[in-house]
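Inspection log for the structure reproduced underneath, given as structure tokens.
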Amino acid sequence: MLGYKNVERVKPSGLELVDKLVGVQRVTKVTKGGRAFGFSAIVVVGDGNGVVGHGLGKSKDVSSAIAKAVEDAKKNLVRIPILDGTLPHEQKGKFGGAKVFIKPASHGTGVIAGGAVRSVLESVGIKDVLSKSQGSSNPHNVVKATFDALLQLRSAETIAKQRGISLDKVFNG
């Protein structure tokens, strides 16, 4: 979450957060006594109204890995600008080998996204959006690439404030 301008962090208290499980991986560590199995879970939490966070949890059993992931996700909540149930503008995001492209859509389109991208966008509360995930399909990297794209989004009000001009001038030059 570092390295982004104007990212508004949010405290989890007083929010109706809903968690979505993106993926659970079984990981194996080979020791002299045989194989030791563990689980890693990646979870996205959001209030469906512009606040979202993601987290990773690891444990020997699935349920505690998910619980740890939810706790981790609540620690890094951010606010994303939403404009009439869609995005303010199109944006590309990248993390590792995963690339994600998100584009605003007209009302009634729905969330056109696959897997990990869909989980993040639905948790944010975006109703109409087009997206394309390219490169790696690793859910960890896809979630982080989607966050990269979302954190780069700026509302018209933010742009007007940063440039020190009126909102009307942003649109009409």
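One point on numbering: in this note's numbering, the residue at position 147 of the sequence shown is 256, and numbering is uninterrupted. Here a beta-carbon is modelled for each residue, glycine too, at the ideal position from N, C-alpha and C.
Neighbourhood of residue i by C-beta distance below 6 Å, restricted to the same chain and skipping five residues each side
i, result
"V179", "D128, V152"
"H163", "V153, A182, V252"
"L51", "Since the first residue shown for the chain is 110 and the last is 282, residue 51 is missing from the structure and cannot be characterised."
"T218", "D237"
"A145", "K138"
"G194", "K236, D237"
"A150", "V133, G166, A174, I175, A178"
Start and end residues, beta strand (DSSP E) containing residue i
i, result
"E180", "No beta strand (DSSP E) holds E180; the alpha helix (DSSP H) holding it covers 171-184."
"V154", "143-155"
"G202", "200-204"
"H216", "Premise fails: H216 is in no beta strand (DSSP E) and is neither H nor E."
Cut-off 7 Å between Cβ atoms - residues of its own chain near residue i, not counting five sequence neighbours on either side
i, result
"G206", "G244, S245, N250"
"D170", "F148"
"N223", "The question names Asn, but residue 223 in the sequence shown is Gly. Correct list, in chain order: S242."
In DSSP terms, what residue i is bridged to
i, result
"S242", "V209"
"Q98", "There is no way to answer for residue 98, as the model of the chain reaches only from 110 to 282."
"G164", "V152"
"V139", "R144"
"R118", "V187"
"T255", "Its beta-bridge partners do not exist; DSSP assigns none."
"K129", "V153"
"L192", "T195"
First through last residue of the alpha helix (DSSP H) which encompasses residue i
i, result
"R263", "That residue, R263, is in no alpha helix (DSSP H); it is neither H nor E in DSSP."
"K278", "276-281"
"S304", "Residue 304 lies beyond the residue range present for the chain, which begins at 110 and ends at 282; the question has no answer from this structure."
"V233", "224-233"
Residue i at chain D interface by Cβ criterion, 8 Å
i, result
"V226", "No chain D appears in the structure shown, which is made up of a single protein chain."
Presumed contact (8 Å Cβ cut-off) between residue i and residue j, rounded CB distance
i, j, result
"A254", "V209", "4 Å"
"V226", "S215", "Not quite, the Cβ-Cβ distance comes to about 19 Å (not below 8 Å), so this is no contact."
"V131", "P213", "Their Cβ separation, rounded to whole angstroms, is 23 Å, which puts V131 and P213 out of contact at 8 Å."
"V133", "A176", "12 Å between Cβ atoms; not a contact."
"L326", "V116", "Because the chain is modelled from 110 through 282, residue 326 falls outside the range shown and cannot be assessed."
"E199", "I189", "Not confirmed; about 14 Å, so no contact."
"A258", "G202", "3 Å"
"I274", "G234", "With 8 Å as the limit, I274 and G234 do not qualify as a contact, their Cβ atoms being about 29 Å apart."
Chain-order list of residues whose beta-carbon lies under 8 Å from that of residue i (same chain, five-residue window excluded)
i, result
"N185", "M110, R118, G162, H163, G164"
"Y100", "The structure shown does not extend to residue 100, since the chain is modelled only from 110 to 282, so the question has no answer here."
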